[in-house]
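If you want our numbering, it's the position in the sequence shown, counting the first as 1, plus 11.
Just so it is clear, CB atoms sit at the ideal spot from N, CA and C, and this is done for glycine as well.
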Amino acid sequence: MKNLKKLKPIAIATSVAVTLSLTSGCTVLDPYTGEEKTSKAVKYGAIGAVVCGIIGSTRNSKSARNAALGCGAIGAGVGAYMDNQEKELRDELAGTGVGVQRDGDQINLIMPGDITFETNRYDINGNFLPVLDSVSKVLYKFTDTKLEVAGFTDSTGSESYNQELSERRASSVSNYLRSRDVAGERLKSVGFGEAYPAASNDTESGRSRNRRVELTIIPIQPAG
Numbered sequence: 012m013k014n015l016k017k018l019k020p021i022a023i024a025t026s027v028a029v030t031l032s033l034t035s036g037c038t039v040l041d042p043y044t045g046e047e048k049t050s051k052a053v054k055y056g057a058i059g060a061v062v063c064g065i066i067g068s069t070r071n072s073k074s075a076r077n078a079a080l081g082c083g084a085i086g087a088g089v090g091a092y093m094d095n096q097e098k099e100l101r102d103e104l105a106g107t108g109v110g111v112q113r114d115g116d117q118i119n120l121i122m123p124g125d126i127t128f129e130t131n132r133y134d135i136n137g138n139f140l141p142v143l144d145s146v147s148k149v150l151y152k153f154t155d156t157k158l159e160v161a162g163f164t165d166s167t168g169s170e171s172y173n174q175e176l177s178e179r180r181a182s183s184v185s186n187y188l189r190s191r192d193v194a195g196e197r198l199k200s201v202g203f204g205e206a207y208p209a210a211s212n213d214t215e216s217g218r219s220r221n222r223r224v225e226l227t228i229i230p231i232q233p234a235g
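In structure tokens, the structure reads:
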């Protein structure tokens, strides 16, 4: 048993060295120096996958298995981690009216105001709570992300009223997610009022699109 314990650090070091060698061909061009370098996403993802796999396979305890599963975005690679989260969100939110959009490594959830809130109110529509429950279930599972909840309005009414309404609606969604065990330190809420319209405010359909809350899911990138 003692010999096996001594071999574990050697196995990890050897596996990481081999992984670095294999990923050396996955390069990107540094825009400042003009030199090629190994992609961070590839490097950290590959190393994390090796280390997490070894941790899970060389220990038998439940806590060790949970630690391996918890390697998250580093173990899977940021892109793959967000791919899996996007798939689960699309599955959970199909037919709810919530849009799921991918923007690079970020995921945007578009929640139309007409299904999320009553007119001119910031308390969440009771019929929409099960949808937010589905969102929180996925966010709770994928913890290696930061979350920005942003409120928007149309141009009807005064600018100050719309600003306050957008802030309160964003806070309502953020507070509800927090109440469903999404860690508060991951959440940030902000209101943009009638700024950044998604469509023209000259038509009712356009104004309807502009009354919305957007949840942006941002991966926590490895340092360095």
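Scanning its chain for C-beta atoms nearer than 6 Å, with the 5 sequence neighbours on each side dropped, one finds around Ser200 the residues Val160, Ala181, Ser182, Ser185, in chain order. Setting aside the 5 residues that flank it on each side, Ile118 is surrounded in the same chain by Met93, Gln96, Glu97, Leu100, Val111, Gln112, Thr227, Ile228, each with a C-beta closer than 8 Å to its C-beta; the list follows chain order. Contact between the region 119-127 and the region 187-196 is absent: fewer than 3 CB-CB pairs across the two stretches fall below 8 Å.
In chain order, Thr164, Glu170, Asn173, Gln174, Ser177 place their CB closer than 7 Å to the CB of Gly204, counting only its own chain and leaving out the 5 sequence neighbours on each side.
The C-beta separation of Val224 from Gly168 comes to about 17 Å, leaving the pair out of contact by the 8 Å criterion.
For the pair Asp155 and Ser145, the Cα-to-Cα distance works out to about 18 Å.
The secondary-structure analysis by DSSP pairs Met122 across a beta bridge with Val224.
Residue burial annotation: Asn221 is buried, with at least 16 other C-beta atoms found within 10 angstroms of its C-beta. Your pair Tyr187 and Leu143 checks out as a contact, with CB atoms roughly 6 Å apart and the cut at 8 Å.
Excluding sequence positions up to five before and after Asp116, its CB lies within less than 7 Å of the CB of Val89, Gly90, Met93, Pro230, all in the same chain and listed in chain order.
Here DSSP, grouped into helix, strand and coil, assigns Thr127 to helix. Rounded to the nearest whole angstrom, the CA to CA distance from Gly137 to Tyr151 is 21 Å. A straight line joining the alpha-carbon of Asp134 with that of Phe128 spans about 6 Å.
Pro141 is bridged by DSSP to nothing; it lacks a bridge partner. If you draw a straight line from the Cα of Ser211 to the Cα of Ser166, it is about 10 Å long. For Gly162, the uninterrupted beta strand (DSSP E) run begins and ends at 156-163, by DSSP.
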